[in-house]
Amino acid sequence: HQIVDGMRALRDGEIPGGPARLSNIVFMGMGEPLANYKRVVGAIRALTDPEPDGLGLSQRGITVSTVGLVPAIHRFSDEGFKCRLAISLHAPDDELRDTLVPVNTRWKVREVLDAGWEYAAKSGRRLSIEYALIRDINDQAWRGDRLGRLLRGKPVHVNLIPLNPTPGSKWTASRPEDERAFVEAIAAHGVPVTVRDTRGQEIDGACGQLAATER
Numbered sequence: 011h012q013i014v015d016g017m018r019a020l021r022d023g024e025i026p027g028g029p030a031r032l033s034n035i036v037f038m039g040m041g042e043p044l045a046n047y048k049r050v051v052g053a054i055r056a057l058t059d060p061e062p063d064g065l066g067l068s069q070r071g072i073t074v075s076t077v078g079l080v081p082a083i084h085r086f087s088d089e090g091f092k093c094r095l096a097i098s099l100h101a102p103d104d105e106l107r108d109t110l111v112p113v114n115t116r117w118k119v120r121e122v123l124d125a126g127w128e129y130a131a132k133s134g135r136r137l138s139i140e141y142a143l144i145r146d147i148n149d150q151a152w153r154g155d156r157l158g159r160l161l162r163g164k165p166v167h168v169n170l171i172p173l174n175p176t177p178g179s180k181w182t183a184s185r186p187e188d189e190r191a192f193v194e195a196i197a198a199h200g201v202p203v204t205v206r207d208t209r210g211q212e213i214d215g216a217c218g219q220l221a222a223t224e225r
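Taken in order, the sequence shown gives residues 11 to 225; the numbers are from this note's numbering.
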């Protein structure tokens, strides 16, 4: 299994960067992890099964990212996983999210969040909300306020990702003052929020499911 073999090789010092003690693994990137449900779940089990069969990692150190495949989130909940679930939201309103994240035309923001709350309740883990800030697209303070209203009082943490523009992209990063106002609008509802310190390499992965990345 490619993922598990790679982790084992890193741990054992067979590839540059190792040997290393593995503690955190994130399923995120250009593909949708939960669309590849059986393989991802198989990898999680192999990573967390006791040695020698598995790597003996804790599920608490594994994050699974999703754009919001609601049936798969329910299934993940029902199977009793304790991984962290990260929902790539990118907009609090269906009108905008329909254009940024095409799967939203099937499962709306509230449906996605409700599935996330169910997972949080069953797993005992706080839900992560991933939100790439894009100048003049989704970074308005009123959207931050709406996001805060949707999330307040819930077991959640918001990760804001400053967009690193890629060549040829019509999108660019938020202005610092807009980013600050967005953070404050969320925090005003008592919702924990951090701005990820990011360098370009991880942003393409983190935003792999955004529609208009000019493919």
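In this text, a Cβ means the ideal position worked out from N, Cα and C, and glycines have one as well.
All values reported here derive from a predicted model rather than from experimental measurement.
Beta-carbon gap between residue i and residue j smaller than 8 Å
i	j	result
residue 181	residue 139	no
residue 92	residue 135	yes
residue 171	residue 137	no
residue 71	residue 34	yes
residue 96	residue 80	no
residue 175	residue 183	yes
residue 145	residue 185	yes
residue 122	residue 78	yes
residue 200	residue 162	yes
residue 168	residue 141	yes
residue 53	residue 14	yes
residue 47	residue 107	no
Exposed unless 16 or more other CB atoms sit within 10 angstroms - verdict on residue i
i	result
residue 131	exposed
residue 42	buried
residue 179	exposed
residue 25	exposed
residue 63	exposed
residue 94	buried
residue 190	exposed
residue 120	exposed
Distance, residue j Cα to residue i Cα
i	j	result
residue 113	residue 101	13 Å
residue 203	residue 83	23 Å
residue 209	residue 164	Confidence at residue 209 is low in this model, with a pLDDT of 46, below 50, so the placement of that residue should be treated as unreliable; the coordinate-derived value is given next. So the two alpha carbons sit approximately 30 Å from each other.
residue 193	residue 23	41 Å
residue 56	residue 69	11 Å
residue 133	residue 160	21 Å
Cβ separation of residue i and residue j, assumed to be a contact under 8 Å, to the nearest whole Å
i	j	result
residue 65	residue 116	At roughly 35 Å, the Cβ-Cβ gap does not stay under 8 Å, so residue 65 and residue 116 are not in contact.
residue 158	residue 195	6 Å
residue 149	residue 103	About 13 Å; that fails the 8 Å criterion.
residue 67	residue 76	The pair is not a contact, with the Cβ atoms about 20 Å apart (cut-off 8 Å).
Helix, strand or coil at residue i according to DSSP, with G and I counted as helix
i	result
residue 201	coil
residue 184	coil
residue 192	helix
residue 133	helix
residue 162	coil
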